[in-house]
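Report on the following structure.
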Amino acid sequence: MPDLTTHDISWSRRCKNYLALGTITAGALVVTVPLFLILGTVIYRGIGGLNLDFFTQLPKPVGETGGGVANALAGSLMILGLASLIGVPLGVGTGIFLAEYGRNRYGNVVRFTADVLNGVPSIVIGMTAYAIVVLKQGHFSLTAGSVALGIMMIPIVSRTTEEVLLLVPHPIREAALGLGIAQWRTTLSVVLPSAKGGIITGILLAFARIAGETAPLLFTSLGNDYWNFRLDQPTAALPVQIFKYATSPYDDWHSKAWTGALVLITMILLTTVAFRLVTSRGVRESG
Amino acid sequence: MPALPQDRVSSGSPPETPAGGASSGAGYNQPQQLSSSAKTRFRTSSSALADGAFRALVVACALAVLAIVGLILFELITQSRLSLHKFGLSFLRKTIWDPVVEDFGALPFIYGTVVSSLVALIIAVPLSVGTALFLTEICPRQIRAVLSVCVELLAGIPSVIYGLWGIFVLVPFMRYYVEPFLARYFAWTGLFGGPKIGFGMLAAGTVIAIMILPIIASISREVIVAVPRQQREAALALGATKWEMLRIAVLRNARPGIMGAVILGLGRAFGETMAVTMVIGNRGEIARSLFAPGDTLASVIANQFAEATGDVYLSALVEMGLVLFALTLVVNALAGLLVWSVTRGMPARSLA
């Protein structure tokens, strides 16, 4: 907007203007400080412990140097994989329902409920997974952790799926229906493919969000000092391992926590970058 | 697009046009449901069957979402039955927490949750609203992209890493610099007394503040963008300076929505677990000083749930979860309503 007001205003108003704008600008810059502080510290203190052992060895007991968090990395991947198996189909399905069948009162109820679910603190979801899986099974397990994280994925995936499906122009649906294609095939082979990029975005977003979750795992997958590949046994996960190391009194474990944090943050940032690439490509295609 | 917040914006009552209703102005992007006769008239029975099956499948997914939320509530209530029965409403106002004699009260933890979240809001609100204003109204295009990526990244850092950083960087900084400073100049408020150990309410509030900055900033930004351009132009045409324009035209119109963003941030702050657990000091007592260690609903669950022995103990912890669930539910619903009142009808992003 052209600024037509720079002359003929009183000194005090002009001062106040610059003061306020300056404060706002300074505030915005201050916000970036913690980001660089945190990233900087994680890199600075974590990079020293980065070696092959960290990725391939089991944790060593206190007092022995060396060792790694290989089991936690594997455990995290398994938990996240199983969580995605739960969260992605349910999330995408709910998104399809909301976009294609849910422009009515029922849709609003589901939409509202998904928002509620999104707002439930992760630790409460962990408690629920404890009640419905751990208590039934009788012990902490990989499955319980995956259930907790999978539930957290659903509202994020469903929201993005709904949004991108609504962006698919209605004439495309009409054209497909007009060609005599059944509605379910229209949705599956015409609408979904054209919204593919956006849906993948939503999935990556949800993945990045749950990859660092610790609270719901504390009393579901619990943690484990050894390898575990069984669904019904306690499993180590990287975030929980970081928590355990960080709150321990040992220097060696502290440095392991920082290295773990570096690995975790890299993992999440890579997912986020992938998410940005997918989105920007989607924008170019549709624009 | 900012990652986290959009998926919450329209909790409240989303402004969709009802099925079959005229989609006024929404054009082709608003899929209308074809009347059932039009759908099936030219269809063979097998494809009608397939249609029905597919529809049943996605409806099942949607029902699963309802079921999950129902299940969360159900499990929280049944698992906390013992404690609900034994303590009743006195659970909410007792300050005792003694697993040995199985007597539990949640007040110190409710207090800790509320106070640490309020500290966080006091720090985060001016900064994040400032950031939102800067991003939408002041900053040049090139910087805007960089800055919004920074804010997004801040939202992507996991809670446990904030906690790690909190323990080893923020807490010492609090102990040696911030707390002595506050104790020296602001001790008269009574909020900054006692031993300066770093771990405590103040550190927890600061960490939460950093964590809720992005969500408040990006929702405020959407709300600010939704303020009609004419309002700004009118203010400028009346001779307002830029700041006066922002104050009169932008902030005043966006106020309910910004309030919503703030309350949404509060909901996030209530549920924040790991980082808080790691820096708050974990002591379930009510102290006036912000330097004193405390505990929140979420942090006490995180610390004690896996090791809780005894049915009453466990069920008291679940009841804390129930209280936390109720708190966040109320706060989030309120926030959704407020944001919706500003951006209503228009998807804020399309105006950007």
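Protein chains in written order, with my numbering: chain R, 1 to 287; chain U, 288 to 639.
For every residue, glycine included, the Cβ atom is placed at its ideal position computed from N, Cα and C.
All figures in this text were calculated on a predicted structure; none of them were measured in a lab.
Same chain, Cβ closer than 6 Å to Gly95 (chain R), neighbours up to 5 away in sequence not counted: Residue 95 (chain R) sits at position 95 when you count from the first residue of the first sequence. Closer than 6 Å at the Cβ level, and outside the excluded window around Gly95 (chain R), lie Ser158, Thr161, Glu162.
Under 9 Å from the C-beta of Trp452 (chain U): neighbouring residues of chain R: Translated into the one-based positions of the second sequence, residue 452 (chain U) becomes position 165. Those within 9 Å of Trp452 (chain U) in chain R are Pro34, Leu37, Ile38, Thr41, Val42, Ala261.
Distance, Met127 (chain R) Cα to Gln366 (chain U) Cα: Start at 1 with the first residue of the second sequence, and residue 366 (chain U) comes out as number 79. Start at 1 with the first residue of the first sequence, and residue 127 (chain R) comes out as number 127. Cα to Cα, Gln366 (chain U) sits roughly 10 Å from Met127 (chain R).
Cβ distance (whole Å) where Leu584 (chain U) is taken to contact Val610 (chain U) below 8 Å: Here residue 584 (chain U) is taken as the residue at index 297 of the second sequence, counted from 1. Here residue 610 (chain U) is taken as the residue at index 323 of the second sequence, counted from 1. Right, the Cβ-Cβ distance comes to about 6 Å (below 8 Å), so this counts as a contact.
Sequence-distant residues of the same chain with beta carbon closer than 6 Å to Ser84 (chain R), five excluded per side: In the first sequence, counting from the first residue as 1, residue 84 (chain R) sits at position 84. Counting only Cβ-Cβ distances below 6 Å, and skipping sequence neighbours, we find nothing.
Residue nearest to Gly597 (chain U) in terms of C-alpha spacing, selected from U:Met498, U:Gly526, U:Arg368, U:Glu389: Here residue 597 (chain U) is taken as the residue at index 310 of the second sequence, counted from 1. The candidate whose alpha carbon is nearest that of Gly597 (chain U) is U:Glu389.
Start and end residues, alpha helix (DSSP H) containing Pro239 (chain R): Position 239 of the first sequence, counted from the start, is the residue given in the question as residue 239 (chain R). 238-246 is the span of the alpha helix (DSSP H), which, as asked, contains Pro239 (chain R).
Nearest candidate by alpha-carbon position, reference Arg41 (chain R), set U:Tyr600, U:Arg431, U:Leu451: Locating residue 41 (chain R) in the first sequence gives position 41, counting from the first residue. Per the sequence presented here, residue 41 (chain R) reads as Thr, with Arg not at that position. When only C-alpha atoms are compared, the closest one is U:Leu451.
Separation of Arg173 (chain R) from Ala195 (chain R), as counted between CA atoms: What you label residue 195 (chain R) is simply residue 195 of the first sequence in a count that begins at 1. What you label residue 173 (chain R) is simply residue 173 of the first sequence in a count that begins at 1. One C-alpha to the other measures close to 13 Å.
Residues near Leu523 (chain U) by beta carbon distance below 6 Å, same chain, minus five either side: Taking the first residue of the second sequence as position 1, residue 523 (chain U) is located at position 236. The answer, listed in chain order, is Met532.
CB contact below 8 Å: Val273 (chain R) versus chain U: For the purposes of this step, residue 273 (chain R) is taken as the residue at position 273 of the first sequence. False, the Cβ-Cβ gap to chain U never drops below 8 Å.
Residue-level contact to chain U via CB, Val310 (chain R), 8 Å cutoff: No statement about residue 310 (chain R) is possible, as the shown extent of chain R runs from 1 to 287 and does not include it.
Neighbouring residues, chain R, relative to Val610 (chain U) (Cβ below 9 Å): Along the second sequence, read from residue 1 onward, the residue named residue 610 (chain U) stands at position 323. Chain R residues near Val610 (chain U): none, gap ~10 Å exceeds 9 Å.
is_contact[Val124 (chain R), chain U] using C-beta, thresh 8 Å: Reading the first sequence from its first residue, position 124 is the one you call residue 124 (chain R). Yes, its Cβ sits closer than 8 Å to a Cβ of chain U.
C-beta contact flag for Ala419 (chain U) and Arg539 (chain U) at 8 Å: Here residue 419 (chain U) corresponds to residue number 132 of the second sequence, with the count starting at 1. Here residue 539 (chain U) corresponds to residue number 252 of the second sequence, with the count starting at 1. Not in contact: Ala419 (chain U) and Arg539 (chain U) (Cβ atoms no closer than 8 Å).
Sequence-distant residues of its chain with Cβ nearer than 8 Å to Val716 (chain U) (five each side left out): Here chain U has residues from 288 to 639 only, and residue 716 (chain U) is not among them.
Contact set between the stretch 108-124 of chain R and chain U, restricted to residues whose Cβ is under 8 Å from the partner: Asn108, Val109, Val110, Arg111, Phe112, Thr113, Ala114, Asp115, Val116, Leu117, Asn118, Gly119, Val120, Pro121, Ser122, Ile123, Val124
Whole runs of the alpha helix (DSSP H) within the stretch 171-231 of chain R, excluding any shorter than 4 residues: 196-211
Same chain, Cβ closer than 6 Å to Ala496 (chain U), five either side skipped, listed in chain order: In the second sequence, residue 496 (chain U) corresponds to position 209, counting from 1. Correct list, in chain order: Ala407, Ile410, Ala411.
Pro580 (chain U) burial status per 10 Å Cβ neighbour count (16 or more: buried): Locating residue 580 (chain U) in the second sequence gives position 293, where the first residue counts as 1. Buried, since its Cβ has 16 or more Cβ neighbours within 10 Å.
is_contact[Asn540 (chain U), chain R] using C-beta, thresh 8 Å: What you label residue 540 (chain U) is simply residue 253 of the second sequence in a count that begins at 1. Asn540 (chain U) does not count as touching chain R.
8 Å Cβ cutoff met for Val491 (chain U) and Ser415 (chain U): Reading the second sequence from its first residue, position 204 is the one you call residue 491 (chain U). Reading the second sequence from its first residue, position 128 is the one you call residue 415 (chain U). For the sequence presented, residue 491 (chain U) should be read as Ala rather than Val. Result no, Cβ atoms of Ala491 (chain U) and Ser415 (chain U) do not sit closer than 8 Å.
For Ile125 (chain R) and Met152 (chain R), believed in contact at Cβ under 8 Å, the rounded distance: Residue 152 (chain R) sits at position 152 when you count from the first residue of the first sequence. Residue 125 (chain R) sits at position 125 when you count from the first residue of the first sequence. Correct: roughly 6 Å between the Cβ atoms.
DSSP-derived helix/strand/coil call for Pro59 (chain R): Sequence index remark: in the first sequence, residue 59 (chain R) carries index 59 (1-based). Three-state result, Pro59 (chain R): strand.
8 Å Cβ cutoff met for Phe243 (chain R) and Val456 (chain U): Position 243 of the first sequence holds residue 243 (chain R). Position 169 of the second sequence holds residue 456 (chain U). Not a contact, by the Cβ cut-off of 8 Å.
Which listed residue (R:Thr201, R:Glu100, R:Thr23, R:Gly180) has its alpha carbon closest to that of Leu166 (chain R): What you label residue 166 (chain R) is simply residue 166 of the first sequence in a count that begins at 1. For the residues R:Thr201, R:Glu100, R:Thr23, R:Gly180, the minimum Cα distance to Leu166 (chain R) belongs to R:Glu100.
Beta carbon of Phe486 (chain U) nearer than 8 Å to that of Gly568 (chain U): Locating residue 486 (chain U) in the second sequence gives position 199, counting from the first residue. Locating residue 568 (chain U) in the second sequence gives position 281, counting from the first residue. Yes, Cβ-Cβ distance for Phe486 (chain U) and Gly568 (chain U) is below 8 Å.
Any chain U beta carbon closer than 8 Å to Gln233 (chain R): Position 233 of the first sequence holds residue 233 (chain R). Taking Cβ atoms only, chain U never reaches closer than 8 Å to Gln233 (chain R), which makes this a no.
Classification of Gly314 (chain U) by the beta-carbon crowding that lies within 10 angstroms, buried from 16 upward: Taking the first residue of the second sequence as 1, we reach residue 314 (chain U) at position 27. The predicted model places Gly314 (chain U) with a pLDDT of 41, which falls under 50 and marks its position as unreliable, so this point remains unresolved.
Unbroken alpha helix (DSSP H) run spanning Thr476 (chain U), endpoints: Position 189 of the second sequence, counting from 1, holds the residue named residue 476 (chain U). Thr476 (chain U) -> no alpha helix (DSSP H), and no H or E assigned at all.
Ser12 (chain R) classed as buried or exposed, judged by whether at least 16 other C-beta atoms fall within 10 angstroms: As a first step, residue 12 (chain R) is located in the first sequence; it is residue number 12 there, counting from the start. Ser12 (chain R) is exposed by the Cβ-count criterion.
The alpha helix (DSSP H) enclosing Gln429 (chain U), as first and last residue numbers: As a position in the second sequence, residue 429 (chain U) is number 142, starting the count at 1. From DSSP, the alpha helix (DSSP H) with Gln429 (chain U) extends over 428-443.
Sequence-distant residues of its chain with Cβ nearer than 6 Å to Ala620 (chain U) (five each side left out): To locate residue 620 (chain U), count along the second sequence from 1; it is residue 333. Once the five neighbours on either side are set aside, Ala620 (chain U) has no close Cβ partner at all.
Gly526 (chain U) (DSSP reduced to helix, strand or coil): Here residue 526 (chain U) corresponds to residue number 239 of the second sequence, with the count starting at 1. Gly526 (chain U): coil per DSSP, three-state reduction.
Inter-residue spacing [alpha-carbon to alpha-carbon] between Gly138 (chain R) and Ser221 (chain R): Stepping through the first sequence from its first residue, residue 138 (chain R) is reached at position 138. Stepping through the first sequence from its first residue, residue 221 (chain R) is reached at position 221. Going by the C-alpha atoms only, they are around 13 Å apart.
Arg636 (chain U) to Gly544 (chain U) span [Cα, whole Å]: Here residue 636 (chain U) refers to the residue found at position 349 when the second sequence is read from its first residue. Here residue 544 (chain U) refers to the residue found at position 257 when the second sequence is read from its first residue. Residue placement at Arg636 (chain U) cannot be trusted, given a pLDDT of 39 that sits under 50; what the coordinates show is reported in the next sentence. If you take the alpha carbons of Arg636 (chain U) and Gly544 (chain U), they lie about 14 Å apart.
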